[in-house]
Each structure stands twice: as structure tokens, then as C-alpha cells.
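Input: a single structure, listed below in C-alpha cells.
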Amino acid sequence: MKEQIHPKYNKVVFLDTSSDYKFLTGSTQSSDETIEWEDGNTYPLIRVEISSASHPFYTGKQKADKAGGRVDRFKKKYNLS
Numbered sequence: 184m185k186e187q188i189h190p191k192y193n194k195v196v197f198l199d200t201s202s203d204y205k206f207l208t209g210s211t212q213s214s215d216e217t218i219e220w221e222d223g224n225t226y227p228l229i230r231v232e233i234s235s236a237s238h239p240f241y242t243g244k245q246k247a248d249k250a251g252g253r254v255d256r257f258k259k260k261y262n263l264s
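In C-alpha cells form, the structure reads like this:
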């Protein structure tokens, strides 16, 4: 790779603030805030509001729309069978 044209790629810890779930991964993002990880090393900390630990699609707490399509809603609204 050419020097000075690519962003610096480092290991960082992402913290899901809604569920306190942390994971270590590689990223080009950086932060002034740091955290000591389970391996004893210190890594930059990136705070995120949602991750796979708190997103309804991944947690199975997704609210499914069971009302049907437009035709079903129309029939229900006007009491048609």
C-alpha cells in the first residue's frame, strides 16, 4: 500500500451505551477516550447507541406488523369479509 493515503487502522473497543455490551475490533475510527480490555491492553473507546446486542432485529424483540396489507386493512376498516 502507498504511504500516507490510507487511514490508520487500529484495534478499538466499541461500547453499546444502551446495553453496556463491549467488543474489540479493528477500525479506522479513533477516540481520545480509552479503556483497558480483558487482555490487559488499553484501546481507544468508541461509544455507540445501538449494536447487535440491543437492536430489535438481532435480539428477537422486533415488533412484527401482523395487520396485513392494504386490502386486509381496508376490509377490516369497513367490516368486509
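Per the numbering used here, residue 184 is the first one in the sequence shown, and the count goes up by one each step.
Ideal placement from N, C-alpha and C gives every residue a C-beta, glycine not left out.
This one's a predicted model, so the numbers in the text were calculated from it and none came from an experiment.
Name the residue from Ser210, Gly223, Ser237 and Val195 whose alpha carbon lies nearest to the alpha carbon of tyrosine 204.
Mapped onto the sequence shown, residue 204 falls at position 21. Nearest of Ser210, Gly223, Ser237 and Val195 to tyrosine 204, Cα basis: Ser237.
Which residues DSSP lists as bridging phenylalanine 230, in chain order
Here residue 230 refers to the residue found at position 47 when the sequence shown is read from its first residue. Residue 230 is actually arginine in this sequence, not phenylalanine. BP columns for arginine 230 point to Leu198.
So what does tyrosine 204 bridge to, in DSSP terms?
Counting from 1 along the sequence shown, the entry for residue 204 is found at position 21. Tyrosine 204 is bridged to Asp199.
Terminal residues of the alpha helix (DSSP H) in which lysine 259 lies
Here residue 259 corresponds to residue number 76 of the sequence shown, with the count starting at 1. Segment 253–260, the alpha helix (DSSP H) holding lysine 259.
Taking the alpha carbon of arginine 230 as the point to measure from, which residue in Gly252, Thr217 and Asn224 has its own alpha carbon closest?
Here residue 230 refers to the residue found at position 47 of the sequence shown. Of Gly252, Thr217 and Asn224, the residue nearest in Cα terms is Thr217.
Helix or strand or just coil, what does DSSP make of isoleucine 218?
On the sequence shown, residue 218 is found 35 positions in, with the first residue counted as 1. Strand at isoleucine 218.
Is the Cβ-Cβ distance between leucine 198 and leucine 228 less than 8 Å?
Sequence index remark: in the sequence shown, residue 198 carries index 15 (1-based). Sequence index remark: in the sequence shown, residue 228 carries index 45 (1-based). Yes. Within cutoff.
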